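J.: At position 122 of the sequence shown (counting the first as 1) the number is 122 in the UniProt record's numbering, and the numbers step up by one without a gap.
Backbone N, C-alpha and C define an ideal beta-carbon position, used for all residues, glycine too.
From a predicted model like this one, the values you see are computed outputs, not experimental measurements.
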Amino acid sequence: MVQTSTTDCAIALIRHWIARFGVLLDMTSDRGPQFTSALWNEVANKLGIQVHRTTAYHPQSNGLVERFHRTLKAALKARLQGPRWTDELPWVLLGLRTVPKEDLDTSSAELVYGEPLTVPGEFVNPNSRLHSYNNLFHSLAERFAPIPTSHHGLSTPSIPPSLKNARFVFVRRD
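(1) SER162 lies in the beta strand (DSSP E); which residues open and close that run?
(2) Quick check: the Cα distance between SER5 and ILE11, rounded to an integer number of angstroms?
(3) Taking the C-alpha atoms as reference points, what is the distance between LEU111 and ILE159?
(4) Using the beta-carbon count (16 or more within 10 Å), is VAL2 buried or exposed?
(5) Can you have a look at PHE144 and say buried or exposed, based on whether 16 or more other CB atoms are within 10 angstroms of its CB?
(6) Near LYS164, which residues of its chain fall below 8 Å by C-beta distance, leaving aside the five closest residues on each side in sequence?
(7) Assuming VAL92 and LEU64 make a contact with CB atoms under 8 Å, what is their CB distance in whole Å?
(8) Can you say whether PHE21 is buried or exposed, counting buried as having 16 or more other CB atoms within 10 angstroms of its CB?
(9) Specify the secondary structure class of THR7 as computed by DSSP and reduced to three states.
(10) Under three-state DSSP, which class holds ASP30?
(11) Can you find the residues in the same chain that come closer than 6 Å, C-beta to C-beta, to PHE35, ignoring five residues on each side of it along the sequence?
(12) Could you compute how far the alpha carbon of VAL99 sits from the alpha carbon of LEU80?
(13) Between the C-alpha atoms of GLU42 and PHE68, what's the straight-line distance to the nearest angstrom?
(14) So the candidates are ARG84, ASP26, PRO33, SER61; which of them puts its Cα closest to the Cα of residue 208?
(15) Thinking C-alpha only, which one of SER37, LEU24, VAL23 is nearest ASP8?
(16) Which residue wins for smallest C-alpha separation from ILE49, given the options ALA74, ARG70, THR55, ILE18?
(17) Which residue wins for smallest C-alpha separation from LEU96, given the options THR54, ARG53, ALA74, LEU24?
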């Protein structure tokens, strides 16, 4: 983007994000003037987007983005061969999107598109891998199944010993 006015940001959101991935349910942004304006709020309102704003002058409140920026900067520095980092950015982003995440055992591109992307210089065609989108979905769904915490999942109720010989019991119904 050449300019970051409210209008330019709104157009970029619609043309480059919503056109590719659909309308967001939630969006987190900083408190920059283009993201707190009446136009931005109206666009979000009309599209049904819930806007969340981070704390001003406190980048730690947007930790995921800050960690990604750290990774992106390191990758750009490793790839940079000339003065124009913007020429390298698409290749670095492609690399970051195609590398498998350790905790998910799949790449973010594969999560978005349902199959791995082909990248320049690959020795093996990713389409030759034997798995279907349905199998991928089910394996990911199993990984996201709720797991009880150790304190709540294993606790047993405390029953007073005198309750075994009681003739009457009050039952509380909330």
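T.: Working from what's here:
(1) Looking at the DSSP string, SER162 is not in any beta strand (DSSP E), and its letter there is neither H nor E.
(2) 10 Å
(3) 48 Å
(4) Exposed, because fewer than 16 other Cβ atoms sit within 10 Å of the Cβ of VAL2.
(5) exposed
(6) none
(7) Not a contact, Cβ separation roughly 18 Å.
(8) exposed
(9) helix
(10) coil
(11) SER29
(12) If you take the alpha carbons of VAL99 and LEU80, they lie about 19 Å apart.
(13) 29 Å
(14) Residue 208 lies beyond the range of the chain shown here (1 to 174); nothing can be said about it.
(15) SER37
(16) ILE18
(17) ALA74
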